[in-house]
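Engineer: Counting in my numbering, the sequence shown runs from 69 upward without gaps. We treat Cβ as the ideally placed atom computed from N, Cα and C, and that holds for glycine.
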Amino acid sequence: MRWWSVANLVSNAGTWMQLTVQNLLVLQITGSAAATGLSMSVQAAPALFMSLLGGAAVDRWPRKVTAAVSQALLGAVGFVTAVLVALDRLDMTSLLVLAAVTGTIATIDAPACALLGNDLVPVEDVPSAIGVGALVHNAGRLAGTALAGLTVGVLGTAAAYAANGLSFVFVASVIPFLRPAAGAAGEAGPHPDAPAERPQRPGDLTVREGLAFFARRPRLVALAAITGVSAVFGRNYGLTLAVLVTGPLAGGAGAFGTVSTVLAVGGILGAVLGARLRRPSVRLVGTLAAAGALLQVVAGLSPSLAVLLVLVLPMAVVESVSDTAGTAVLQTDPPARLRGRVLGVWSSIATVWGLGGPPALGLLMELAGARGALVAGGLIVAGTIGAGLLLRGRRAPGPVTVPLAHQDDTPPLGTLSTAA
Numbered sequence: 069m070r071w072w073s074v075a076n077l078v079s080n081a082g083t084w085m086q087l088t089v090q091n092l093l094v095l096q097i098t099g100s101a102a103a104t105g106l107s108m109s110v111q112a113a114p115a116l117f118m119s120l121l122g123g124a125a126v127d128r129w130p131r132k133v134t135a136a137v138s139q140a141l142l143g144a145v146g147f148v149t150a151v152l153v154a155l156d157r158l159d160m161t162s163l164l165v166l167a168a169v170t171g172t173i174a175t176i177d178a179p180a181c182a183l184l185g186n187d188l189v190p191v192e193d194v195p196s197a198i199g200v201g202a203l204v205h206n207a208g209r210l211a212g213t214a215l216a217g218l219t220v221g222v223l224g225t226a227a228a229y230a231a232n233g234l235s236f237v238f239v240a241s242v243i244p245f246l247r248p249a250a251g252a253a254g255e256a257g258p259h260p261d262a263p264a265e266r267p268q269r270p271g272d273l274t275v276r277e278g279l280a281f282f283a284r285r286p287r288l289v290a291l292a293a294i295t296g297v298s299a300v301f302g303r304n305y306g307l308t309l310a311v312l313v314t315g316p317l318a319g320g321a322g323a324f325g326t327v328s329t330v331l332a333v334g335g336i337l338g339a340v341l342g343a344r345l346r347r348p349s350v351r352l353v354g355t356l357a358a359a360g361a362l363l364q365v366v367a368g369l370s371p372s373l374a375v376l377l378v379l380v381l382p383m384a385v386v387e388s389v390s391d392t393a394g395t396a397v398l399q400t401d402p403p404a405r406l407r408g409r410v411l412g413v414w415s416s417i418a419t420v421w422g423l424g425g426p427p428a429l430g431l432l433m434e435l436a437g438a439r440g441a442l443v444a445g446g447l448i449v450a451g452t453i454g455a456g457l458l459l460r461g462r463r464a465p466g467p468v469t470v471p472l473a474h475q476d477d478t479p480p481l482g483t484l485s486t487a488a
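1) For T400, which option in L246, V366 and V191 has the closest C-alpha, if you only look at C-alpha atoms?
2) Can you grab the Cα-Cα spacing for the pair N213 / M85, in whole Å?
3) Exposed or buried, T88, counting other C-beta atoms within 10 Å across all chains shown (16 or more means buried)?
4) Who are the Cβ neighbours of V204 in its own chain at under 6 Å, not counting the five residues just before and after it?
5) When you compare each of I294, G201, L309 and P402 to V365 by their alpha carbons, which one comes out closest?
6) Evaluate R489 with the Cβ neighbour count: other Cβ atoms within 10 Å of its Cβ, from every protein chain shown; 16 or more gives buried, anything less gives exposed.
7) Along the chain, where does the alpha helix (DSSP H) containing M69 start, and where does it finish?
8) Counting only the same chain and skipping the five closest in sequence on each side, list residues whose C-beta sits under 7 Å from that of E172.
9) Along the chain, where does the alpha helix (DSSP H) that runs through P382 open and close?
10) Of all the options A202, V133 and R128, which has the alpha carbon lying nearest to the alpha carbon of S388?
11) Sort A332, T314 and V333 by Cα distance to F324 and report the nearest one.
12) Using a 10 Å radius around the Cβ and a threshold of 16 neighbouring Cβ atoms, would you call R409 buried or exposed?
13) Can G446 and G394 be called in contact, C-beta distance under 8 Å?
14) What are the boundary residues of the alpha helix (DSSP H) that includes A230?
15) Excluding the 5 residues flanking G82 on each side, which residues of the same chain have their C-beta closer than 6 Å to its C-beta?
16) In angstroms, rounded to a whole number, what distance separates the CA positions of G334 and R157?
17) Buried or exposed: which applies to R70, given that a residue is buried once 16 or more other Cβ atoms fall within 10 Å of its Cβ?
18) May I ask which residues mark the beginning and end of the alpha helix (DSSP H) holding A343?
19) Is A490 near I294, with beta carbons less than 8 Å apart?
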């Protein structure tokens, strides 16, 4: 698990370095901010249409082999891009094609790496492992963003892509030496890499089976609803807080940079706290998300930047712990033979709200302003979750927790930390 965490740190740093450089490169090639958004959408689009197939592939193929091959392919894309940049042959068309290829490979790589990481610890430690993954992700994001400018300034743009390619090669080279833990969540008898608890029948690995399981699982549907409403109205702080700081609070880019730094620190603290979770539940996820939404309401009413900074830290901490708990539920609830497909369903759903959320929030900001959007969005999130918890409490009193042990095909209750 230590080796896997180091590999993820290297990979996340390389990925964020490339993402930072890629946005600047698109602007350099086209001079258009819209083109930058298009490149990001093209890379995200395959998750909407192909995640279900990617999840089925993860359930069908040996996990370590799948993760190693997908990482190697992502590294190859990074090296190809680096060569094109170095030869000054990268135009917008080829960049979009490479972005689409990257997004397609990621539909298999993301669930494979997430579930492989869970296999490295005993099942009771999965929430802690996910928290460590969130911590590594945040640290890699900070390191990669900082290294991007340094790398481009000293070695050039092509070097950033080459460095990302090397980071994937490093992960792929580590994977063969990883040993699943005894009693791991995905362990299946004497062959820990096998994706199922029992021999598979021909119809067992269909996409339809994953969709049916997700739809029949009330706690997964509830988790999707909580995460979706939070993602649309409560998590787009890069948009809402940027407008609040530079508008009503009369701050500049430097002030928003300070807010962003506090958000990042809060995310790291939240990941540390989330790593201590032992029995995550949908109720816990909803409670934390509602608490974060109420903090957002107060933040929207902040009279000064100083007050906003005081509120931003607990907002980020609560959000990070909630995300860790939700990811633990998602990755431990389905039986091992279905986890890839369930993550595929989740990825498709998440892509919908990821693409549709910013425009919806932007429309709300046009109508209500930055403060109004924060306040209204927070109330929508808290109200929706509160109503759901009340209805759930009337039908089935008592907290619903995630048992961290399961057997055969009896499904237990309950992001992903991935090699990016």
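Structural biologist: On the basis of the data shown:
1) Translated into positions along the sequence shown, residue 400 becomes position 332. Residue V191 is the option with its Cα nearest to T400.
2) Start at 1 with the first residue of the sequence shown, and residue 213 comes out as number 145. Start at 1 with the first residue of the sequence shown, and residue 85 comes out as number 17. Strictly speaking, residue 213 in this sequence is Thr, with Asn absent from that position. Straight-line Cα distance between these residues: approximately 5 Å.
3) In the sequence shown, the residue the question calls residue 88 occupies position 20. When all chains shown are included, T88 counts as buried.
4) Position 136 of the sequence shown, counted from the start, is the residue given in the question as residue 204. Cβ within range, chain order: S73, N76 and L77.
5) As a working mapping, residue 365 is identified with position 297 in the sequence shown. Among I294, G201, L309 and P402, the Cα nearest to that of V365 belongs to L309.
6) Outside the shown range of the chain, which is 69 to 488, sits residue 489, and nothing can be said about it.
7) Translated into the one-based positions of the sequence shown, residue 69 becomes position 1. Counting along the chain, M69 falls outside any alpha helix (DSSP H), and DSSP gives it neither H nor E.
8) Against the sequence shown, residue 172 aligns to sequence position 104. Per the sequence shown, residue 172 should be read as Thr rather than Glu. Closer than 7 Å at the Cβ level, and outside the excluded window around T172, lie P114 and M118.
9) Working through the sequence shown from its first residue, we reach residue 382 at position 314. Run containing P382: L373 to T400, per the alpha helix (DSSP H) assignment.
10) Here the question's residue 388 lines up with position 320 in the sequence shown. Out of A202, V133 and R128, A202 has the C-alpha closest to the C-alpha of S388.
11) Residue 324 sits at position 256 when you count from the first residue of the sequence shown. Taking only the C-alpha atoms, the option nearest F324 is T314.
12) Numbered from 1 along the sequence shown, position 341 holds the residue referred to as residue 409. So R409 ends up on the buried side.
13) Here residue 446 corresponds to residue number 378 of the sequence shown, with the count starting at 1. Here residue 394 corresponds to residue number 326 of the sequence shown, with the count starting at 1. Cβ distance not < 8 Å, so G446 and G394 don't count as in contact.
14) Along the sequence shown, read from residue 1 onward, the residue named residue 230 stands at position 162. Residues T225 to V242.
15) Taking the first residue of the sequence shown as position 1, residue 82 is located at position 14. Closer than 6 Å at Cβ, skipping near neighbours: A231, N232 and S235.
16) Here residue 334 is taken as the residue at index 266 of the sequence shown, counted from 1. Here residue 157 is taken as the residue at index 89 of the sequence shown, counted from 1. Going by the C-alpha atoms only, they are around 41 Å apart.
17) As a position in the sequence shown, residue 70 is number 2, starting the count at 1. Exposed: under 16 other Cβ atoms inside 10 Å.
18) Your numbering for residue 343 matches position 275 in the sequence shown. Taken as a continuous stretch (DSSP letters only), A343 belongs to no alpha helix (DSSP H), as it is neither H nor E.
19) A question about residue 490 goes unanswered here, because the residues of the chain that appear run from 69 up to 488.
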